[in-house]
Amino acid sequence: MDWIRVLLSLSAALFRRKKLDADLYEEMRAHIDLAIEENRARGMNEPQARNAALRAFGGITQIRETYRVQRGLPWLEQAARDIRYAVRQLRKSPGFALTALLTLALGIGAATSVFSVVDAVLLKPFSFRDPDRLVVMREAVADKAGSERFASPVNYRHFLRLRKNAATLEDATIFVQRGVSVSPDGDHPHIVGAVIASPNLFRLLGVQPILGRDFVEDDARQNSESIAILSYEGWQTFFARDPAVIGKTLRIEGRPVTVIGVLPPGPRFPQIVLAPKIAFQETARDAVLFQPLAPSERDLDADMGNFNYRAIARLKPGVTLAQGNAELEALQNAYTLSAHLPLHFGIALTPLAKDVASRVSGALWLLFAAVGAVLLIACVNLANLQLARAVNAERETAVRAALGASRGQLVRSRLAESLVLALAGGTAGTALAFGGVRLLIALAPANIPRLGEVRLSLPVLVFSGGLSVAAAIMFGMLPALRSLRVAPQAALQANSTRAANTQESHRTRSLMVAVQVACTVVLLIVTSLVLRSLSHLLRQDRGFDSSHVTLALADLYAPQYDNPGPKGNAARLAFADRALTALGQLPGVQSIALTSVTPLTGETWVDNLFRPDHPVPPGQQPAINVRWIDPNYLPTMLSRLVAGRNITAADRAHPYVALISERTAHEGFAGDNPIGRKISDIVPDDQHSVTVIGVVADTRINGLKDDAAMVYLPYWAYTPLTLSFLVRSSQPSGAVIPEMRRAIWQIDPQVAIPTLKSMDDQVSDSVAADRFQAMALSGFAAAALCLALLGVYGVLAYSVSLRRREFGIRIALGSGKSALIGLVVRQAAYPVLLGMGVGLTMAMMAVRWVRSLLYQTSVMDPLAVGCSILLLLMAAAIAAIVPARRAASTDPIRALRAE
Amino acid sequence: MPEGKSDVLQGTLDLMVLKTLESLGPLHGYGIARRIEQVSGNTVSLNQGTIYPALLRLAQRGWVKAEWGTSETGRRAKFYSLTRSGRKQIEQETENWERVAATMARFLAPSN
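Sequences listed follow chains A and B, in order.
Here the first sequence stands for residues 354 to 1252, numbered as in our numbering.
Here the second sequence stands for residues 55 to 166, numbered as in our numbering.
Below, the structure is given as structure tokens:
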């Protein structure tokens, strides 16, 4: 590491030059004095002694120069000189400097902000022990045709067998992730994220409690419900970081629970989706409390059904994902055969980080690509500006070359200017990114995983630093190389502006405009496709009407309600009835209804459709979503009944009736009239089968992109633990919301209300991710368009100003204004059309990658592509018209006289 | 240039300085220069001043360190001394030099 020390002392020397010079002077004087003394001791007189001493020493000035060269860092001093020169040059043209600086700062700021999000959400490993070896485990089930496999949540028995037998796994943990109600100090409860997991969870992740103890295996056998470990955030929220928290109790779902441990602040437990199709807008909360999982009897003996769990496994060191997958797949296959299971089970492992990010990675990378394109366009713009400056400065460059500046020096001084700009822009951009990151977090939908971890961190700062240097090289290289090729003689002889107007430099700049246009076209097309997709999503027929409806979700997880069996059901039924009555009496209410699942929260309560009159081989029954409703549900949501009749109050005495959606009718009763047919095994803990009495039009009630097969049953047959009340009122939601809260809490103050908002908001929140993506992309596309417009304008305006003399002559020779305008516009058209062609080709390739992000929108959507092209042509026309008019209005006399 | 004196060969001055400091201990620039002249029996033509860039080079590499002190005659002067890595360097440089010298000797030996 010698060179580091040399470098350090050398650069130190740069800043302490005066002091070091004095030091050397003093040392040399000491030397001469010592020599004089010795000479005198040998018997010389004073002048002789001094002369001899000086002679022996040699040339003082030469020594000092050699010494300085040795001491200093010539290239560093040179660089400092280049930078000083660059700063001086930039200050001479503040307009250019400011434009360049702003463009770069915005570009780098935007790119850094987006990268911060990409880094935290997609790239940063989890702060668990060896996070690379953690995988999310799901079972894979072949669909009816056997061609496609889909991932399914895990069955407890299957999990236990895999955990016991798999040689590729170090360990595995199984858990439930859901919201639970917590009521601190007897206050109204609210819902927090909870993980109920097998006791080895934290050992598997490599996390140790900072207070108290970890779970032990016995915790899963006894009192599992009465102990909990808090996350650091939970400790802060519920106990204000009380160091004596261990042993204290917290009311969770109405039961006292003892805190046995507190986790360290770093690692947050991520949201794992049950299966890829389930959106979990409602449960998108960081887990703040953890409880041990005690399997139920049914968990332990059911091989089919109870696929209710999530699982994380840790691969043994050196085991690849493929090896793990292969071994577990083989184990599953063998078990399927030996136990004669009717379905064929496989396994699906995904790396933890990839799984958590899977829903957003496509969209985020798209944003990142878009912001990268904007930065590229900005750099090309700057390169163009720099090139124009370099051409302008050709004469000066020639003078410097003639005076003996080496080629290296010339290139360096041009590059230095870019570097100064890029570093200043990079610094300003990084400062902007601090704000940009906050803005992104504020705008981003809440269900982006790990959003809380987004911040400007070291890798991000390294990224933005690298970006600014790369930008400098990108927009400084061309002009720098150009200055190499200047022949001093030619440049000095020629008039400077004529030297500039060479065919070649013009071609370079047109090419750069084409690059900008191409990037812009791609960005515009992708953006308009995404906008089209969003608008289609929002405007398509949903099968229900959300306006004037307010939604309140009551969560009944508490001892008196979640008691399994008739007692609990009766309590829930009583609550539902009282709430419907109370809410119906609120002022302005036109209609009040009940459903078991909050609309637009994805597929839940997925069951198979069993028909006693039409048995099909196991595993081939269509999947359906079960919802428990009241007779007012359809009228309140303004959903259409297609056939049969709605549930009525008269059904209450014998509530075993059902409504099915058109899709269910199609998939489960193809060819038959479903009305009057029976469905069995659908009401929990009840042997009754239900009779289909009506068919409802398909609605997108699970999510705007999702039209699942539905079965609606009256809540009298079974009342679920979550009840969504829907109020259609003449009053605005803002007035209805507090009334609804009051009414529900009047019935039971210990019921949690995790969701209370207008149905319109619920619809809008359900597409928050799509809207955010569309919004961010629109912003970047607008920026790209502006930059491209500036680019076209800049090149044309510059070229027109150089060709004034030519235009003067043309006018003097009788050329008409329109002919001149045509000349300039044609000049603009060439790079724009070229860029558009290239851009369209690139877009063809890019959209293939974007396809998965679009909803029912063709990647060749003619409106989107047409609008993009039109928009770009308009921008180009605007950019061209100003310089064209200036060309046409050239005064021939003045133009000819000017030179 | 007087007869019988030769220029200091590139790179050899460093070793001379290091070796001087090794045998005499901490010494100022003048002392080092005089010692080199004496040891070489005045056969080396050395501008005494050239010792200073050499000392700076050695200090930058961390082989010697410098401190202000007082000379035997009471003059304030900068004293140089070997560092630990300087000592190691002597071994290495000596080896190098011996190898070069041996090679040269073989070239210069009368061919037979």
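The C-beta atom is built at its ideal place from N, Cα and C for all residues, glycine as well.
In this structure the stretch 728 to 743 of chain A does not touch the stretch 510 to 527 of chain A; the number of beta carbon pairs closer than 8 Å is below three. By the 16-neighbour rule on beta-carbons within 10 angstroms, N978 of chain A is buried. Of all residues in the stretch 108 to 134 of chain B, the ones placed with a Cβ closer than 7 Å to any Cβ belonging to chain A are L110, R111, Q114, R115, G116, S125, T127, R129, R130, A131, K132, in chain order. In this structure Y914 of chain A is buried. Its beta-carbon is surrounded by 16 or more other beta-carbon atoms within 10 angstroms. Cβ proximity to chain A below 9 Å picks out H82, G83, Y84, G85, A87, R88, E91, L100, N101, Q102 from the stretch 81 to 102 of chain B.
Going by C-alpha positions, R621 of chain A is about 16 Å away from V489 of chain A. Following the DSSP letters along the chain, one finds V942 of chain A in no alpha helix (DSSP H) but inside the beta strand (DSSP E) bounded by residues 942 to 948. By alpha-carbon distance to I1174 of chain A, the top candidate from A:S1242, A:I416, A:S1205 is A:S1242. Cβ neighbours of R111 of chain B within its own chain (closer than 8 Å, five residues either side excluded): D68. Per DSSP, the continuous alpha helix (DSSP H) segment holding Q913 of chain A begins and ends at 912 to 915. Among the residues of chain A, none has a CB under 7 Å from the CB of T66 of chain B; the nearest is roughly 17 Å distant. Note that the C-beta distance between E806 of chain A and A473 of chain A is below 9 Å. At the C-beta level, G116 of chain B and T137 of chain B come within 9 Å of one another. Taking the Cα positions, T1194 of chain A is about 18 Å away from V883 of chain A. About 4 Å separates the beta carbons of Y84 of chain B and L387 of chain A, which is inside the 8 Å limit, making them a contact pair.
Among the CB atoms of chain A, none fall inside 9 Å of the CB of T148 of chain B. Taking a beta-carbon distance threshold of 9 Å, Q423 of chain A counts as an interface residue toward chain B. Under the three-state reduction of DSSP output, W981 of chain A falls in the strand class. In the DSSP assignment, Q530 of chain A falls within the beta strand (DSSP E) that extends over 522 to 535. As the crow flies, the alpha-carbon of A432 of chain A is around 20 Å from that of Y420 of chain A. For the C-beta of T104 of chain B, the chain A residues within less than 7 Å are, from N- to C-terminus, G411, I416.
Within the DSSP bridge table, the entry for Y509 of chain A names no partner.
A:R424 is the residue among A:F410, A:R424, A:Y1071, A:G921 whose C-alpha sits nearest the C-alpha of K371 of chain A. A distance below 9 Å separates the beta carbons of P1027 of chain A and V1045 of chain A.
Closer than 9 Å to the CB of E399 of chain A there is not a single CB belonging to chain B.
The way I'd put it, the stretch 505 to 516 of chain A doesn't touch the stretch 556 to 569 of chain A; fewer than three beta-carbon pairs between them come closer than 8 Å. In the same chain as E1015 of chain A, and ignoring 5 residues on each side of it, the C-beta atoms closer than 8 Å to its own belong to V995, V1048, V1049, A1050, D1051, in chain order. Listed along chain B, the residues sitting closer than 9 Å to A383 of chain A by beta-carbon distance are H82, G83, Y84, S125, R129, R130, A131, K132.
At a cut-off of 9 Å between beta-carbon atoms, Y1183 of chain A makes no contact with chain B.
Separation of the CB atoms of A439 of chain A and A769 of chain A is rounded to 4 Å, and the pair is thereby assigned contact status at 8 Å. About 15 Å separates the Cβ atoms of L515 of chain A and L674 of chain A, ruling out a contact at the 8 Å cut-off. When secondary structure is reduced to three states using DSSP, P623 of chain A falls in the coil class, being assigned neither helix nor strand. Interface flag for D376 of chain A against chain B is set, since a Cβ pair is found closer than 9 Å.
Counting along the chain, I599 of chain A sits inside no beta strand (DSSP E), nor does DSSP assign it H or E at all. CA-to-CA, the gap between L740 of chain A and S817 of chain A works out to about 24 Å.
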